[in-house]
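Q: Take a look at this one; I'll ask things after.
In mature numbering (1 follows the signal peptide of the UniProt record, and there is no 0), the protein residues as written are -17 to -1, 1 to 584.
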C-alpha cells in the first residue's frame, strides 16, 4: 500500500518537473531574458530607454517589469515623440549615466527608424560626450523587418566606437525553429565573426570576448623608467627596442592570459632619442592621438588631475615622490705650520748671513743684494755669477741651498690632509632653500609638491630647474654633487642598488630625504573608452593575491649606473685641490716679485 503511494507520488513529481522545464523554455523574447542575464552575473542595474508614444513598447515594458527579478535595480527613461527631438530620452539620459560594466542599457528601437541611423544619431554620437559609457553593456531591441546587413553594420560601428558588449535582440516570428521568436546578434571583433542564434535559456547574451583576443594587436606605450621598465632602442635603420622590467613582465602575463600581441610604442625624451609622445600627461586625447591602447608606469595621484582624463588600472606598485640629495660633509684642510715657519726662519737667517759677509768681505753689491738672494731662494732669479772665484764658489753654495729650501718650502705649503667632518644636513625644504644646491623638478611634479603659502617652497621654485629626464638629474647629482632631484623613490633605490653591485663600493653618494612630498600607486593608463580595463584589473588582482609582484624585483638592466664614489675619486679630488694651491702660490709669488722689481729698479 505504502509502496504504491510512494510510486504515484514520485511519478507525479517527475511529471511536474518536466512540465515546469517545458514551461520555462521562453515563448516570448522577454521570457526569462533578464533571469538569464543576471544568472551569469552580468549586470546589477538595468536602464530602459524607450519612446513613450510607442504603444507596443509600453506593453512590452509592462510585461518586462512583471518578470524582472527583484534583486535588479531598474530605471526607466522615456520621451514623448510629439515634442521636439531635443526633448527625446537622450536629452534626459545625461542625468542618469552609470559608468560600469554591471550596468545594462536596454534601448527600444522605434519601428519607424532603421537601426543603423538610430544608433549613429543617438548612441554613438552620445559617446563623444560620455566616453565612459563604452564600458557598459547595451541591448538594442529591434523589429523583425530590420535587415541583417544593417544589424551587422551597427555591430561593426559599435566596435569602432570601442563598445564591446553590444547585442541586438530581434523579433523572428517567421522562424519556426525558434520557439522564443527572437534571435540574438553579436560580433566578435577579435575573430571578426558575426554570431546569430535563437534565444534560449542557455543563451549567452553577452559573450566573454576578452577571454581570447586571438593575437589582436594592442599598442603599449613604453618609457624607460627603471626598475619599472628598462627600455633600450636602436634608432638606425629603424627603431627597434628591447624592453625589460617589472611592468613589462606583467604586460607579458596579460598578453599570455588574454592572448593578445604587444606592439611596443617607445617614448623618448629629447636627451635619449626622438621625442614621440608627451611623457608628462596621460590624457584621453593624447592616448587616442598616439593610437595607444595601454600606457605604462603612470603615477596614480594624477588620475584626479584635470590633465589626466584617462582610466587607471589597479595599482601595480607603490611609489613616492621624494627629494634625492647628495651626501655632503664638511671638509677641513690640515696644514702643519711649524715646518713652514722653520723654512722661513732658515731662509731669513741665510739672507742675514750673506748681508753680513757682503759688508765684512767687501763683496760686489750688485751680485749680493739681499732681495736678489731672496728671490734666488724661490728659484725666481736669473743666474748672474760674480767675477771673483771665491764669490763664485760661495754663490754656487747659495744656489744649491736655494734649490733645497725652495722645494722644501713649497712642499710644506702644499702638504696637507683633507679631513671629513659631520654630514651637512639636507633633509627639509628649508635646508634645500638655504643651500647652494640647485633644485631639479620634473615640471609635472611642481603642482603636487608645492605649497603656495610656504615661503621656502616658493624660494625652491625660484631657484629650481625643470628637467623631464629623472635619470639625467641623478647622474649629475652622483658626479657633481650640486643638485637636489625631486623624483620617484623607486628610481633612486634602483640606481643605488646597481651602483653597489657594479662599483663594489657600499658607500652611497646620495640619499632619500624624509619625509617625501607625495605618494601613490603606479598604474597603467587607458583611454576613457577602453574595453579592456575590467579584464586587465581582474588579472592584476589575481597577480596581487598570489603575491607575484615580488617575483619580478630582481631585474637585468641594460644600463650600468656607476654613480658611487670610489676611493680613487676622493684622491683625484685632493690632487686637484693641491694643483690649484700650487698654481695660486706660483702666481702670487711671481706677481709680488714683479711689483717689487718695478719699484726697486
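Ideal Cβ placement from N, Cα and C applies to all residues, glycine included.
Contact defined as beta carbons within less than 8 Å: I believe residue 206 pairs with residue 250. What is the distance between those atoms, to the nearest angstrom?
A: As a working mapping, residue 206 is identified with position 223 in the chain shown. As a working mapping, residue 250 is identified with position 267 in the chain shown. About 4 Å; that satisfies the 8 Å criterion.
Q: State the start and end residues of the unbroken alpha helix (DSSP H) segment that holds residue 343.
A: Numbered from its first residue, the chain shown carries residue 343 at position 360. Run containing residue 343: 320 to 343, per the alpha helix (DSSP H) assignment.
Q: So, do the stretch 135 to 147 and the stretch 196 to 205 have three or more beta carbon pairs nearer to each other than 8 Å?
A: no
Q: Work out the CA separation of residue 343 and residue 336 for me, nearest whole Å.
A: If you number the chain shown from 1, residue 336 lands on position 353. If you number the chain shown from 1, residue 343 lands on position 360. If you take the alpha carbons of residue 336 and residue 343, they lie about 11 Å apart.
Q: Considering only DSSP beta bridges, list what residue 179 is partnered with.
A: Working through the chain shown from its first residue, we reach residue 179 at position 196. DSSP lists 168 as partners of residue 179.
Q: Can you tell me the Cα-Cα spacing of residue 225 and residue 182, whole angstroms?
A: Working through the chain shown from its first residue, we reach residue 225 at position 242. Working through the chain shown from its first residue, we reach residue 182 at position 199. About 49 Å.
Q: Note down, in chain order, each residue of its chain lying with its Cβ closer than 6 Å to the Cβ of residue 471, except the 5 sequence neighbours on either side.
A: Here residue 471 is taken as the residue at index 488 of the chain shown, counted from 1. Cβ within range, chain order: 302.
Q: Quick check on the DSSP output: what are the complete beta strand (DSSP E) runs of length 3 or more inside the stretch 83 to 165, in order along the chain?
A: Counting only runs of 3 or more, we get 86 to 91, 120 to 125, 149 to 154.
Q: In chain order, what residues of the same chain lie with their CB nearer than 6 Å to the CB of residue 116, ignoring the 5 residues before and after it?
A: The residue labelled residue 116 in the question sits at position 133 within the chain shown. Within its own chain, the residues whose Cβ lies closer than 6 Å to the Cβ of residue 116, once the five positions on either side in sequence are excluded, are 110, listed in chain order.
Q: Assign residue 327 to buried or exposed, taking buried as 16 or more other Cβ atoms, counted over all protein chains shown, within 10 Å of its Cβ.
A: Position 344 of the chain shown, counting from 1, holds the residue named residue 327. The residue is exposed, with fewer than 16 neighbouring Cβ atoms inside 10 Å.
Q: Is it buried or exposed, residue 258, if we count other Cβ atoms within 10 angstroms and call 16 or more buried?
A: As a first step, residue 258 must be located in the chain shown, where it is residue number 275. Annotation note: pLDDT 37 at residue 258 (below 50); position unreliable, no value reported.
Q: In three-state DSSP terms, what is residue 413?
A: As a first step, residue 413 is located in the chain shown; it is residue number 430 there, counting from the start. Three-state DSSP puts residue 413 in a helix.
Q: Residue 118: which of 511, 130, 525, 507 sits nearest, CA to CA?
A: As a position in the chain shown, residue 118 is number 135, starting the count at 1. When only C-alpha atoms are compared, the closest one is 511.
Q: If we ignore side chains and look at the alpha-carbon of each, how far apart do residue 275 and residue 508 end up?
A: Working through the chain shown from its first residue, we reach residue 275 at position 292. Working through the chain shown from its first residue, we reach residue 508 at position 525. CA-to-CA, the gap between residue 275 and residue 508 works out to about 10 Å.
Q: Classify residue 524 as buried or exposed, calling it buried when 16 or more other Cβ atoms lie within 10 Å of its own Cβ.
A: Counting from one through the chain shown, the residue named residue 524 turns up at place 541. So residue 524 counts as exposed.
Q: With respect to the alpha helix (DSSP H) encompassing residue 527, which residues constitute its N-terminal and C-terminal limits?
A: Taking the first residue of the chain shown as 1, we reach residue 527 at position 544. That run of the alpha helix (DSSP H) goes 516 to 528.
Q: Within 10 Å of its beta-carbon, does residue 467 have 16 or more other beta-carbons around it, so buried, or fewer, so exposed?
A: Residue 467 sits at position 484 when you count from the first residue of the chain shown. Counting of Cβ neighbours within 10 angstroms places residue 467 among the buried residues, the total reaching 16 or more.
Q: Along the chain, where does the alpha helix (DSSP H) containing residue 232 start, and where does it finish?
A: The residue given as residue 232 occupies position 249 in the chain shown. Where residue 232 is concerned, the enclosing alpha helix (DSSP H) stretches over 229 to 241.
Q: Straight-line CA distance for residue 169 to residue 179?
A: The residue labelled residue 169 in the question sits at position 186 within the chain shown. The residue labelled residue 179 in the question sits at position 196 within the chain shown. Computed Cα separation, rounded: 7 Å.
Q: Could you tell me which residues DSSP puts in a beta bridge with residue 449?
A: Here residue 449 is taken as the residue at index 466 of the chain shown, counted from 1. Paired residue(s): 424.
Q: For residue 153, decide whether its Cβ has a neighbour in chain B, counting only Cβ atoms nearer than 7 Å.
A: Judged by its chain identifiers, the structure shown contains no chain B, having just a single protein chain.
Q: Mind checking whether residue 223 and residue 217 have CB atoms under 7 Å apart?
A: Working through the chain shown from its first residue, we reach residue 223 at position 240. Working through the chain shown from its first residue, we reach residue 217 at position 234. It is a contact, given that the beta carbons lie within the stated cut-off.
Q: Whole angstroms is fine: what's the gap from residue 197's alpha carbon to residue 140's?
A: Stepping through the chain shown from its first residue, residue 197 is reached at position 214. Stepping through the chain shown from its first residue, residue 140 is reached at position 157. Going from the Cα of residue 197 to the Cα of residue 140 covers about 20 Å.
Q: Can you tell me the Cα-Cα spacing of residue 289 and residue 278, whole angstroms?
A: The residue labelled residue 289 in the question sits at position 306 within the chain shown. The residue labelled residue 278 in the question sits at position 295 within the chain shown. In this prediction, residue 289 has a pLDDT of 48, which is less than 50 and means its spatial position is unreliable; nothing more can be read from the coordinates.
Q: Could you check how far apart the C-beta atoms of residue 146 and residue 296 are, in whole angstroms? I think they sit under 8 Å.
A: The residue given as residue 146 occupies position 163 in the chain shown. The residue given as residue 296 occupies position 313 in the chain shown. Actually they are not in contact, since the Cβ atoms of residue 146 and residue 296 sit about 20 Å apart, beyond 8 Å.
Q: Buried or exposed for residue 475, going by 16 or more other Cβ atoms inside 10 Å?
A: As a first step, residue 475 is located in the chain shown; it is residue number 492 there, counting from the start. Buried.
Q: Name the two residues that bound the continuous beta strand (DSSP E) containing residue 301.
A: Here residue 301 corresponds to residue number 318 of the chain shown, with the count starting at 1. In the DSSP assignment, residue 301 falls within the beta strand (DSSP E) that extends over 300 to 309.
Q: Going by C-alpha to C-alpha distance, which of 380, 464, 406, 385 sits closest to residue 421?
A: As a working note, residue 421 is residue 438 in the chain shown. When each option's Cα is compared against that of residue 421, the closest is 464.
Q: Out of curiosity, what's the CA-to-CA distance linking residue 185 and residue 123?
A: Here residue 185 is taken as the residue at index 202 of the chain shown, counted from 1. Here residue 123 is taken as the residue at index 140 of the chain shown, counted from 1. Going from the Cα of residue 185 to the Cα of residue 123 covers about 20 Å.
Q: Cα-Cα, which of 379, 93, 341, 156 is closest to residue 359?
A: Taking the chain shown and counting its residues from 1, one reaches residue 359 at position 376. Of the candidates 379, 93, 341, 156, the one whose C-alpha sits nearest the C-alpha of residue 359 is 379.
Q: Any heavy atom of the ligand PLP closer than 6 Å to the CB of residue 423?
A: What this structure holds is no ligand at all, so the ligand PLP is not there to describe.
Q: Once the 5 residues before and after residue 230 are set aside, which same chain residues still bring their CB inside 7 Å of it?
A: Locating residue 230 in the chain shown gives position 247, where the first residue counts as 1. Cβ within range, chain order: 211, 212, 279, 280, 299.
Q: Taking DSSP's pairing of strands, which residues face residue 504 in a bridge?
A: The sequence position of residue 504 within the chain shown is 521, counting from 1. DSSP output for residue 504 lists 301 as bridge partner(s).
Q: Quick one: what's residue 225 bridged to in DSSP?
A: Locating residue 225 in the chain shown gives position 242, where the first residue counts as 1. Paired residues: 215.
Q: Once the 5 residues before and after residue 101 are set aside, which same chain residues still bring their CB inside 6 Å of it?
A: Counting from one through the chain shown, the residue named residue 101 turns up at place 118. Counting only Cβ-Cβ distances below 6 Å, and skipping sequence neighbours, we find 92.
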